[in-house]
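K.L.:
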Ligand code: AMP
Ligand code: MG
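In the numbering used here, the protein residues as written are 709 to 1025.
1) Tell me whether the segment 814-821 and the segment 852-871 touch, counting them as touching only if at least three CB pairs, one residue from each stretch, are closer than 8 Å.
2) Taking buried to mean at least 16 other C-beta atoms within 10 Å of its own C-beta, is residue 966 buried or exposed?
3) Could you name the residues of the same chain whose beta carbon sits closer than 6 Å to that of residue 959, not counting the 5 residues immediately before and after it, in chain order?
4) Would you tell me roughly how many angstroms separate the C-alpha atoms of residue 806 and residue 953, rounded to the nearest one?
5) Assuming residue 729 contacts residue 844 under a Cβ cut-off of 8 Å, what Cβ separation, rounded to an integer in Å, is found between them?
6) Say whether the segment 911-920 touches the segment 941-951, bearing in mind that this needs 3 or more beta-carbon pairs closer than 8 Å, one atom from each stretch.
7) Can you check the segment 872-911 for any beta strand (DSSP E) of at least 3 residues that lies completely inside it and give the ranges in chain order?
8) Among 997, 907 and 937, which residue has its Cα nearest to the Cα of residue 950?
9) Please return the same chain residues whose Cβ sits closer than 6 Å to the Cβ of residue 930, not counting the five positions on each side in sequence.
10) My output table needs one value for residue 975: the three-state DSSP class, helix, strand or coil.
11) Given a cut-off of 8 Å, decide if residue 988 and residue 1010 are closer than it, judged by their beta-carbon atoms.
12) Near residue 913, which residues of its chain fall below 7 Å by C-beta distance, leaving aside the five closest residues on each side in sequence?
13) In this structure, what does DSSP give as the bridge partners for residue 740?
14) Can you tell me which of the three DSSP states residue 776 falls into?
15) Cutting at 6 Å between CB atoms, please list the residues of its own chain near residue 969, excluding the five before and the five after it.
16) Do you know how far the Cα of residue 852 is from the Cα of residue 873?
17) Taking the alpha-carbon of residue 855 as reference, which of 825, 753 and 902 has the nearest alpha-carbon?
18) Of all the options 813, 810, 774 and 780, which has the alpha carbon lying nearest to the alpha carbon of residue 799?
19) Any chance the CB of residue 847 is under 7 Å from a heavy atom of ligand 2?
20) In or out: residue 710 buried (at least 16 other Cβ within 10 Å) or exposed?
21) With a threshold of 16 other CB atoms inside 10 Å of the CB of residue 770, please say whether the residue is buried or exposed.
22) Should residue 885 be counted as a contact of ligand 2 given a C-beta to heavy atom distance under 7 Å?
23) Taking the CB atoms as reference points, tell me whether residue 790 and residue 908 lie closer together than 8 Å.
24) Do residue 746 and residue 842 count as a contact pair if the criterion is CB distance below 8 Å?
25) Identify whether residue 948 lies in helix, strand or coil by the three-state DSSP scheme.
26) Which class does residue 793 belong to by DSSP, given the choice of helix, strand or coil?
27) Roughly how many angstroms lie between the CA atoms of residue 983 and residue 877, to the nearest whole one?
28) Answer yes or no: do residue 759 and residue 825 have a C-beta to C-beta separation smaller than 8 Å?
29) Locate the alpha helix (DSSP H) running through residue 935, then write down its first and last residues.
30) Within a Cβ cutoff of 7 Å, which residues of the same chain sit near residue 875, ignoring the five residues on either side of it in sequence?
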């Protein structure tokens, strides 16, 4: 595994590695992705092996622009409207696969739909253009673990099966993309994420429902009940710190007595809190505390997705 500063030469090398069937981890504006050529079934299989994913969940396929997306999927009116408003950005759209879509069945788990995203991060954009192939990329972390928002998280989680990690510093948003299924008569949120529900609703001028999975059959893989989890137990909505606890704080009024404290946003800004969330969970997970107390975080804006991730992380095994 080579960790390379994301220079032009490194991006060109990473593009060549992807075309050769290798795995490359790269920053996006949401989290680090573990990429493979989406049209190469063997390369896609290597993603599942590297992450230790128990099941072949469908993956998000990344392309450089909307034209590239339209070659892979056929868009409904709502899909087109959302793509026009939010691409490039933290939005993944599930659309029907085009008849001659080159994406490997393993990347779509054999579904007749494909999840597409045009990321905005300049390094992701440059890599997609250098590769000139659709790139399947889940988050670059061990299956079930907290997503990687720094190159060091990728190297800590994933082994030698990753040939290049492009280091582009911390990812700006810090939450995975929001996934919207646009194949039905009404768009449906499959996964809350880095684009707030309110922003989508403003563009569509109507409320958007969140898909509810049944037990054992999640609405989408990102909705597995336990996910995004540190090893240390979380105690949510904590207003005080108990003996032996570390504290994940939010806002200016921080209770005392924690063995270690990380404040997601001293000013109480949910956007800043989202960007710091996964890094903070990893840091406190390594602090050797009995549990991590988590202060309440308001649900508005990105707060909804932050609370979604914290609830999944808190579920007992
Ligand atoms: P991850 O690989 O952990 O970033 O998660 C991938 C996400 O993509 C999952 O949460 C799914 O919601 C979504 N996804 C990918 N393909 C599809 C699809 N064809 N239908 C529904 N959801 C999908
Ligand atoms: Mg993931």
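Yeah, the Cβ is synthetic: ideal placement off N, Cα and C, and Gly gets one too. These numbers come from a predicted model, not from an experiment.
P.N.:
So, to answer that:
1) no
2) buried
3) 976
4) 52 Å
5) With 8 Å as the limit, residue 729 and residue 844 do not qualify as a contact, their Cβ atoms being about 12 Å apart.
6) no
7) 886-889 and 896-899
8) 997
9) Residue placement at residue 930 is poorly supported in this model, since its pLDDT is 49, which falls under 50; the coordinates are not used for a value here.
10) coil
11) no
12) none
13) 735
14) helix
15) 955 and 957
16) 20 Å
17) 902
18) 774
19) yes
20) exposed
21) buried
22) no
23) yes
24) yes
25) coil
26) helix
27) 12 Å
28) no
29) Looking at the DSSP string, residue 935 is not in any alpha helix (DSSP H), and its letter there is neither H nor E.
30) 711, 712, 713, 714 and 859
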